[in-house]
Amino acid sequence: MLQQGDKAPGFKATDQNGNTIQLEDYKGQKVALYFYPKDNTPGCTAQACNLRDNTEALTSRGIAVIGVSVDDEKSHKKFEDKFQLNFPLVADTDQKIVNDYQVWGLKKFMGKEYMGTSRTTFLINEQGIIEHIITKVDTKDHARQILDTWQ
3 MLQQGDKAPG
13 FKATDQNGNT
23 IQLEDYKGQK
33 VALYFYPKDN
43 TPGCTAQACN
53 LRDNTEALTS
63 RGIAVIGVSV
73 DDEKSHKKFE
83 DKFQLNFPLV
93 ADTDQKIVND
103 YQVWGLKKFM
113 GKEYMGTSRT
123 TFLINEQGII
133 EHIITKVDTK
143 DHARQILDTW
153 Q
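For the sequence shown, counting from 1, position 40 maps to 42 in this note's numbering; every step adds exactly one.
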């Protein structure tokens, strides 16, 4: 399991607009790398909209937001357009990033077991080191969690 103090695994993937996103491109700034289960679902929508609505507070503290799910670019684009999201949503369709960050695994919902992404946010410092890991995400107030954790 990745821990506080570990080097954040690098990645290179495509976002909702076809842009290549690499973690190394963010070196020198703080990154809130958030993993979420699925576009256009209630919890994921609440979380994304909360981050969207608090972009100014996050950027004023030098924090870039990157979302990651196993949905494809087309799904991410619809999600972005529907909710006017203003940060990259990385398409991890081959599940490499979720596996590298160890957030892909067995989940249970309504008595059924399935493989999926655990909602987790990694706060990565300017040197690419994981400073904090948020596993108990408050989807409706996630920006506040990030700001309070990263004081």
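For every residue, glycine included, the Cβ atom is placed at its ideal position computed from N, Cα and C.
Between the CA atoms of residue j and residue i - distance to the nearest angstrom
{"i": "residue 32", "j": "residue 91", "result": "17 Å"}
{"i": "residue 34", "j": "residue 129", "result": "13 Å"}
{"i": "residue 107", "j": "residue 49", "result": "21 Å"}
{"i": "residue 51", "j": "residue 59", "result": "14 Å"}
{"i": "residue 148", "j": "residue 54", "result": "13 Å"}
{"i": "residue 142", "j": "residue 89", "result": "17 Å"}
{"i": "residue 140", "j": "residue 101", "result": "23 Å"}
Spatial neighbours of residue i in its chain, beta-carbon cut-off 7 Å, leaving aside the 5 residues before and after
{"i": "residue 103", "result": "4, 11, 37 and 124"}
Distance between beta carbons of residue j and residue i, contact taken as under 8 Å
{"i": "residue 73", "j": "residue 27", "result": "No, residue 73 and residue 27 are not in contact; Cβ-Cβ is about 22 Å, not under 8 Å."}
{"i": "residue 132", "j": "residue 7", "result": "7 Å"}
Option in the options with minimal Cα separation from residue i
{"i": "residue 14", "options": "8, 60, 132 and 70", "result": "70"}
{"i": "residue 84", "options": "150, 144 and 43", "result": "43"}
{"i": "residue 86", "options": "113, 57 and 151", "result": "57"}
{"i": "residue 135", "options": "151, 68, 53 and 113", "result": "151"}
{"i": "residue 80", "options": "153, 19 and 145", "result": "19"}
{"i": "residue 78", "options": "93, 88 and 110", "result": "93"}
{"i": "residue 111", "options": "9, 8, 39 and 7", "result": "39"}
{"i": "residue 144", "options": "45, 114, 76 and 88", "result": "45"}
{"i": "residue 127", "options": "153, 47 and 89", "result": "153"}
{"i": "residue 82", "options": "47, 101 and 109", "result": "47"}
{"i": "residue 137", "options": "105, 115 and 116", "result": "105"}
{"i": "residue 68", "options": "140, 17 and 75", "result": "17"}
Residues of its chain near residue i, where Cβ-Cβ distance is below 8 Å and the 5 sequence neighbours each way are ignored
{"i": "residue 9", "result": "130, 131 and 132"}
{"i": "residue 115", "result": "108 and 109"}
Residues near residue i in its chain [Cβ-Cβ closer than 6 Å; skip 5 each side]
{"i": "residue 146", "result": "none"}
If contact is defined by three or more beta carbon pairs under 8 Å, each pair taking one atom from either stretch, is the segment 114 to 124 in contact with the segment 22 to 30? no
Determine contact between the segment 47 to 65 and the segment 97 to 114, defined as no fewer than three beta-carbon pairs at a distance below 8 Å. no
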